[in-house]
């Protein structure tokens with residue numbers, strides 16, 4: 008199958024030398040990409056340019072991206088080509104983009120490098136959710152989103168995962184973060200939660216679910 012994996016952080020420019028970004032190494036996405044490739048799948052990995060994780064000799068293409076819109080453009084182009092069977096959207100994309108940067112008098116700051124000699128006022132605007140676009144781009148694909156939750160407890164994290172599945176029309180949601188606790192929770196569209204103690208277990212569960220999805224799809228296509 009042809010699989011797309013996104014990983015690492017996006018970044019939104021503040022000026023020509025500073026960026027607004029997320030803390031993400033990209034390690035999990037590269038790990039999953041490697042295992043999917045070892046399992047015989049054709050993998051394309053989109054990795055944020057700020058990711059610190061790397062592979063010495065990757066056996067699949069790694070496409071860099073910077074901003075959320077940059078990644079969106081890459082995926083839109085990909086969607087116009089050969090069919091994609093599965094998308095694992097693990098990238099940590101920014102929830103905000105820079106709307107304006109002004110000085111204390113309210114005047115726009117247009118400098119290529121903002122001076123640190125005086126305060127400035129930064130206006131952040133909510134960024135579009137790329138995950139919500141993926142079902143339209145890859146209508147027949149097996150889609151998996153990620154939900155990293157900091158506040159609340161495991162019950163609340165699972166509730167957030169269910170909301171994501173409904174809103175984004177995904178097949179699975181990988182839940183992790185301080186609110187969830189140790190390991191990962193793989194949430195299905197039916198509300199079933201499959202625990203994964205580590206990334207190896209998570210990868211195995213994802214491959215199993217992908218195989219089941221392909222089998223079910225084949226049976227539907229072959230039925231009279």
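Residue numbers (this note's numbering): 8 to 231.
We put the CB at the ideal spot given by N, CA and C, even for glycine.
Which runs of the alpha helix (DSSP H), 4 residues or longer, sit entirely within the region 41-103? The region 41-103 contains these whole alpha helix (DSSP H) runs: 75-86.
Take residue 70 as the anchor and find which of 37, 127 and 224 has the nearest alpha-carbon. With distances taken between CA atoms, residue 70 lies nearest to 37 out of 37, 127 and 224.
Bounding residues of the beta strand (DSSP E) (the contiguous stretch that carries residue 114): No beta strand (DSSP E) contains residue 114, which DSSP labels as neither H nor E.
Simplified DSSP assignment, three categories, for residue 154: Three-state result, residue 154: strand.
To which residues does DSSP link residue 18 through a beta bridge? 28
From what residue to what residue does the alpha helix (DSSP H) around residue 232 run? Here the chain covers residues 8 to 231 and nothing more, so residue 232 does not appear.
Roughly how far, in whole angstroms, is the beta-carbon of residue 17 from the beta-carbon of residue 101, given that I think they are within contact range, below 8 Å? 5 Å
Cβ pair residue 186, residue 164 closer than 8 Å: yes
Any 3 or more C-beta pairs closer than 8 Å across the region 58-74 and the region 122-133: no
Note down the Cα distance separating residue 222 from residue 149, rounded to an integer number of angstroms. 12 Å
With distances taken Cα to Cα, identify the nearest neighbour of residue 60 among 87, 98 and 108. 98
Give the straight-line distance between the Cα atoms of residue 51 and residue 209, rounded to the nearest whole angstrom. CA-CA distance, residue 51 to residue 209, rounds to 19 Å.
Can you give me the start and stop residues for the beta strand (DSSP E) that residue 129 sits inside? 127-133
Short check: CB of residue 134 to CB of residue 155, under 8 Å? no
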